[in-house]
Each structure stands twice: as structure tokens, then as C-alpha cells.
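So the structure is just underneath, and the comments pick up after that.
In my numbering, the protein residues as written are 72 to 612.
Following this line, the structure appears as C-alpha cells:
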């Protein structure tokens, strides 16, 4: 009934003494401070301390990262003793009644990760201890691995003469050179267009690695499939691996290891387990990788030394060396092992390292490494703060410091000081950086048009293959009006390079050398490379 017709107002008015507006605001603010939502003796409140399940639901539903959860626990001191006790005391929830709400939220988010779901209770407990005894640290370990290697997301890999693309649904496509069966399609014939690897139908691929004449694919169940040259450790033009495998075969020696990433370098192959353990094949004679084995050894050997008890989230392989991004309670760090020629191990010297050694320069620079990349002769890291560091052989300007000098320890690329980087990729004397707004910068060797700077204007000036000593925006990608999320380029000293740019919408663009069909696009007669990015007819979203 309408209040005006009933003669009685539906709202009861009372005599309220007039107050200045400022006074009203002050009183209101004061009451908010006193009557916070965690409860006290004031009637009519909704104390969250009596409803911890709601708080847990909010914490997990907001997808807070481990740092957010840790900050939340620390900041409750500002809200008083009762609030602090509420967040830090055991929440009395299954599966562990002794965990705090923040720890329970971290555990719940861990359970949403694909590689965590199939783990047994004992395996989960062991991982928790290895990460530092906290579910927040386990969550940081899992999220860091997903972020730096695009695990379970669409990605493309520009290999030496052939290419692999993986869709977000886990379908693997191959194209390019196929002399050793590295396309996995049952033949040794080249393919100029992407085709799904049909023998893997029903298997969800989460990560791909390529080498000269070889391909490795990893499934969401941790299984590794390999095809191409039947060798895990050889030079790109070696006498080993004369037998070829033209369809994906399960790697039996890895069947008891849940693998999440693989990296193929010269003379060796490395894989990373779900628990953060690094294993290597071959190149073990003279203890080059910390174990005494023959080059043809096909058994995975755990990488010994400093990383035996430190979980690793990403590995990157270059010419005779390996980088490992490690996750410790104190923060992220980078270790290197192998050949130190050109200073690419980052320790301030050019000597070899037979076991993994911590690169200490990042502590000096106050940089928390987030992504690592190992080129043939140089390396790069993106820090959590967006800074980019490079080191190693600086030929053709691939370090981005404006010269061709070698740097035997990580050095910040000052020309990118106004750019917040989120991703970096390296090849043979070439470097690409992706910023947080999707812009792409490249520098280094300009051969094969793989830097993306070779516009019609540059070609008219006769410098289409010129080297770039400082980072430059790849304008040909900028003009696409697409946000780039991943770059991949050929990491080989024997093959002409090509480059892939993957956008947020799942579109894949290619440029550089394409004489074997590795670009996934048809070239005109007598054309061997493409200077301008062209979209490949494939949807990876």
C-alpha cells in the first residue's frame, strides 16, 4: 500500500540533532574503524571469525598469488590481536585441521593445477617439504613454472628447419623439414603447411621441445614422446642417431618420471620433473654435467650438486650449457652448468662448470629472475620487476648494450629501462623481448630477416639484413594491432633462423627463413625467406 494514502509513513522518523557535515563524516569513519567485520560485542554485526568458510571461499575465488596470501597474513597485525589470531590459528577444515586459512587457500589453489591433481598424498607432502614447508611456497613453485614456460597454454617452437605448434587444447601441429622423421607424420617428406600429428589423437600435449632433426612432446600425464633422430645427445651434424623414428614413440626410460618440460641442447637433452628435479641424457663423459656416462647413454641421470634439493621451475638449453631457474623460500635464482665459452654461464669467468653453480650477480643487481632463456652463445633473464639482463658472447649486438663485447656476468639492458618486460627469447646471436603491453623488441643478428625489422623501406635502403645493436620495436608486429604473448626463434648455429609471434587471441605469425617450409606459409618462386610477419593458417586458441 502506498504510504501517502495510508496516512502512515513506512519509515519511522525521529528527532535527530543537526550536526555539521564534517562532524558526521568523522563519526561515521570512527564507527567503521571500531566496528570492523571480524566481530566484537556490538549487536547487529556479521563476524567473519564465526564464518571462516566464507573467508576461505573468498581467498580461493580471488586467485590470489602466494605473495598476496603472505601479505594478508602479515597485515592482519594492523587489525588487532583477535583478527590476527583468526587468520593464523588452525581453521579446523579438512584435509588438515591444523592449517591456517591462508595455507588452506594456497592448498586449494594448488589442487586446481593440472600437474598437482594426480599427486598422491605422500608426493604432495614431499613437494611441500622440498619447497620450504608451506603450501604458499608450493603454490609459488607451481605458478612460476606455468608462467615462464607457457605450460598447458598454446605455444609455438621455431626449431632448426622444422616447427611445432601446440594449441590450448593440447593438439600438436608440425611442419617444415622432415629428413629424419621429426614431423612425426610417418614419412620423411617436407610439409609446408601445419598438420596435426594424428597418431597423438586423444593425447593432450602441454609442452614441446625441438632440436636438429628431433622433436620431443610432453603430455598432461607427464609422458614424453620423441621422434626424429634416435639420439638424446649429439651435435647437429654428428654420426650418431642414424636410425630415424617417423612417429611419436614413448620414451621408456622416462616412464617413471612425471615430466613437465624438456630442453634440447647440443650434445645433450634435459628434462624437468613435476617435483622440480632436473635429469640429463648424454654428454656425461668427463663429468661435464655432473655424471660419468657415455655420450650415447639413453638413461636419464639426475643433475647433481647444488640443485639436488632445490626445486627448479624452468630449464633452458644452449650450445653445450644449461640454465635452471630455481625456486627457494628466499626467492628465485638461476644456476648454470656446462661450457663457459664466451662467459655464457654468467659467473664472471669463461671457465666450464661441471656441476650447477649459482649465478650470484642477480643478488647484486637486486633482481628476482622470472624467466630464463639460453641462446646458442648468450643468455637472458627477465626479472620480476620487468628489467632484462643479458650476458655471454655479444657478437652482432645480441646483448643489446650497443656493442659486440662479451659480458661474462648478467648486465641490465639499459636501453629497455622504460619497458616492463614479461618474456624473453634467445637464438643464435639474436634476442627478442616482449613487454607487458604486448610490444616486441628485437636486437642482434639480422640475417634471414628473422629480427622483423626488414620492411620495404629497409630493403630499399639495402640494409634488410643489417644487425641491430640496441633494442628496437618490431614495428611490423606493432602494426598487427594484436597483443603478442610469446616469441620463439631458431636456436641453432647451423640453420638459418625463423621467428614465431603468438598473439593473445591464438593467432600465429611467422617471418625469417622458410626454405624448408618451417614458416608454415607458401613462398613464391625463388623466395627463401619472409621479411614481413605473415599469419599461419592455424588457430591455437
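Don't be surprised by glycine CBs; every beta carbon is placed ideally from N, CA and C. If you're wondering where the values come from, they're calculated on a predicted model, not measured in any experiment.
Closer than 8 Å to chain B by CB, residue i
i, result
"residue 254", "Within the model displayed, chain B is absent; a lone protein chain is all it includes."
Distance between beta carbons of residue j and residue i, contact taken as under 8 Å
i, j, result
"residue 390", "residue 558", "About 20 Å; that fails the 8 Å criterion."
"residue 588", "residue 246", "6 Å"
"residue 459", "residue 451", "6 Å"
"residue 405", "residue 440", "5 Å"
"residue 471", "residue 514", "5 Å"
"residue 473", "residue 540", "5 Å"
"residue 543", "residue 524", "6 Å"
"residue 233", "residue 208", "That pair is no contact at about 39 Å."
"residue 443", "residue 494", "With 8 Å as the limit, residue 443 and residue 494 do not qualify as a contact, their Cβ atoms being about 11 Å apart."
Collapsed DSSP secondary structure at residue i in the structure displayed
i, result
"residue 100", "Residue placement at residue 100 is flagged as unreliable, the pLDDT there being 43, under the threshold of 50; the coordinate-derived value follows with that caveat. Correct three-state label for residue 100: helix."
"residue 466", "helix"
"residue 179", "helix"
"residue 439", "coil"
"residue 208", "helix"
"residue 523", "coil"
"residue 329", "coil"
"residue 254", "coil"
"residue 377", "helix"
"residue 291", "coil"
"residue 433", "helix"
"residue 195", "helix"
"residue 172", "helix"
"residue 561", "coil"
"residue 407", "strand"
"residue 222", "coil"
"residue 66", "Because the chain in this structure spans residues 72 to 612, residue 66 falls outside the shown range and cannot be described."
"residue 200", "helix"
"residue 343", "strand"
"residue 420", "coil"
"residue 601", "strand"
"residue 543", "strand"
"residue 269", "helix"
"residue 215", "helix"
"residue 518", "helix"
"residue 414", "helix"
"residue 353", "coil"
"residue 245", "strand"
"residue 593", "coil"
Residue i vs residue j beta-carbon contact at 8 Å
i, j, result
"residue 430", "residue 418", "yes"
"residue 298", "residue 322", "no"
"residue 291", "residue 277", "yes"
"residue 228", "residue 283", "no"
"residue 265", "residue 244", "yes"
"residue 281", "residue 335", "yes"
"residue 330", "residue 344", "yes"
"residue 424", "residue 413", "no"
"residue 17", "residue 341", "This structure gives no information on residue 17, because the portion of the chain shown stretches from 72 to 612."
"residue 538", "residue 468", "yes"
"residue 333", "residue 287", "yes"
"residue 397", "residue 445", "no"
"residue 578", "residue 554", "no"
"residue 556", "residue 512", "no"
"residue 592", "residue 602", "no"
"residue 600", "residue 520", "yes"
"residue 206", "residue 177", "yes"
"residue 502", "residue 478", "no"
Residue i, buried or exposed, once every other Cβ within 10 Å from all chains shown has been counted against 16
i, result
"residue 415", "buried"
"residue 499", "buried"
"residue 231", "buried"
"residue 171", "buried"
"residue 400", "exposed"
"residue 378", "buried"
"residue 506", "buried"
"residue 200", "exposed"
"residue 561", "buried"
"residue 221", "buried"
"residue 196", "exposed"
"residue 596", "exposed"
"residue 96", "Reliability fails at residue 96, whose pLDDT of 38 lies under 50, so the model's placement of it is uncertain and the value that follows must be treated cautiously. Exposed is the call here."
"residue 576", "exposed"
"residue 348", "buried"
"residue 604", "buried"
"residue 174", "buried"
"residue 192", "exposed"
"residue 223", "buried"
Inset, instruction - Could I get the ranges of all uninterrupted beta strand (DSSP E) runs contained in the segment 445 to 506, with 3 residues as the minimum, in chain order? - result: 449 to 454, 459 to 463, 478 to 483, 492 to 497, 501 to 506
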